[in-house]
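**Student:** In the working numbering, the protein residues as written are 61 to 288. My questions all concern the structure below.
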């Protein structure tokens, strides 16, 4: 069954929203405003899309059960953020591609090109440029959302096919080789279901987007991804 362009775009916008939320949580210290917006108002407990991906189901459950005690949620999130992500040299789950490359978790005959080369090929510069390393996971996720936005702006079918290939190439080179290992560290060291859920959600969204843009996939833009 084919779905119209608006339905396809709604699915992609839902994934972009989740990637932006998750990226924000690993690049900024959690603020009281963040806790209010995302947890006390119930946003993370009612995600805009659904998926049969086991990691997505797991993330949804983790986030639904997270931050039960609203009085201590902010304190616990802050402590977890500091332990997991804040200081590159001592982080328990460093959100940097180069960390996993350097430590031998990425295995290939040829090391991937710098992610900055991919950014430059699109004339893209992160708003964090000069402040945060270009290979920070949140920056890479932000760039991925920009590629998806660019895809949604295209009208020509040939250009859309090319952009789908580019999105998969970026994910294949700069996300899939290491985010599973990163998420394993988050699951091991996080003291809160909040960050465990965010780690699993990032992995699930990247996996789903990679599958959605597969030319040979029969599940491209399935309406199971849209919530009623």
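Ideal Cβ placement from N, Cα and C applies to all residues, glycine included. Here the structure is a predicted model, which is why all the values come from computation and not from measurement.
Under a three-way DSSP split, which group does residue 164 fall into?
**Tutor:** Because residue 164 carries a pLDDT of 49, less than 50, the predicted location of this residue cannot be relied on, and no value is offered for it.
**Student:** So what does DSSP say about residue 273, is it helix, strand or coil?
**Tutor:** The answer is coil: DSSP assigns residue 273 none of H, G, I, E or B.
**Student:** With a cut-off of 8 Å on the beta carbons, I'd call residue 156 and residue 196 a contact; round off their distance for me.
**Tutor:** Indeed, because the Cβ distance is near 6 Å, the residues count as touching under 8 Å.
**Student:** Taking residue 239 and residue 263 to be in contact with their CB atoms under 8 Å, please state how far apart those CB atoms are, rounded to whole angstroms.
**Tutor:** The Cβ separation is near 5 Å, so the contact holds.
**Student:** Does chain B have any CB closer than 8 Å to the CB of residue 272?
**Tutor:** This model lacks chain B altogether; it includes just one protein chain.
**Student:** Which class does residue 192 belong to by DSSP, given the choice of helix, strand or coil?
**Tutor:** DSSP places residue 192 in coil when its eight states are reduced to three.
**Student:** If you check the beta carbons only, do residue 235 and residue 200 fall under 8 Å apart?
**Tutor:** Going by C-beta atoms, residue 235 is nearer than 8 Å to residue 200.
**Student:** Do the CB positions of residue 260 and residue 118 come within less than 8 Å of each other?
**Tutor:** In contact: residue 260 and residue 118 (Cβ atoms closer than 8 Å).
**Student:** Counting Cβ pairs, one atom from each stretch, are 3 or more of them under 8 Å apart for the stretch 206-225 and the stretch 240-251?
**Tutor:** No: fewer than three Cβ pairs fall under 8 Å.
**Student:** Which value, in whole angstroms, describes the spacing of the CA atoms of residue 92 and residue 132?
**Tutor:** Their Cα atoms are separated by approximately 11 Å.
**Student:** When the Cα atoms are used, what is the spatial distance from residue 97 to residue 80?
**Tutor:** For residue 97 and residue 80, the distance between alpha carbons rounds to 14 Å.
**Student:** For residue 116, write down the residues that DSSP places opposite it in a beta bridge.
**Tutor:** Its beta-bridge partners do not exist; DSSP assigns none.
**Student:** Have a look at residue 289 and residue 74 and give me their C-alpha separation to the nearest angstrom.
**Tutor:** With the chain represented from 61 up to 288, any question about residue 289 goes unanswered, as that position is not in the structure.
**Student:** Would you mind sorting residue 219 into buried or exposed? The rule is 16 or more other CB atoms within 10 Å of its CB.
**Tutor:** Residue 219 is exposed by the Cβ-count criterion.
**Student:** If we ignore side chains and look at the alpha-carbon of each, how far apart do residue 167 and residue 177 end up?
**Tutor:** Its pLDDT being 42, under 50, residue 167 is placed unreliably by the model, and the measurement read from it follows with that caveat. Each residue's alpha carbon lies about 20 Å from the other.
**Student:** Cβ of residue 87 within 8 Å of Cβ of residue 192?
**Tutor:** Going by C-beta atoms, residue 87 is nearer than 8 Å to residue 192.
**Student:** For residue 230, which beta-bridge partners are listed by DSSP?
**Tutor:** The partner list for residue 230 (beta bridge, DSSP) is empty, contrary to what the question assumes.
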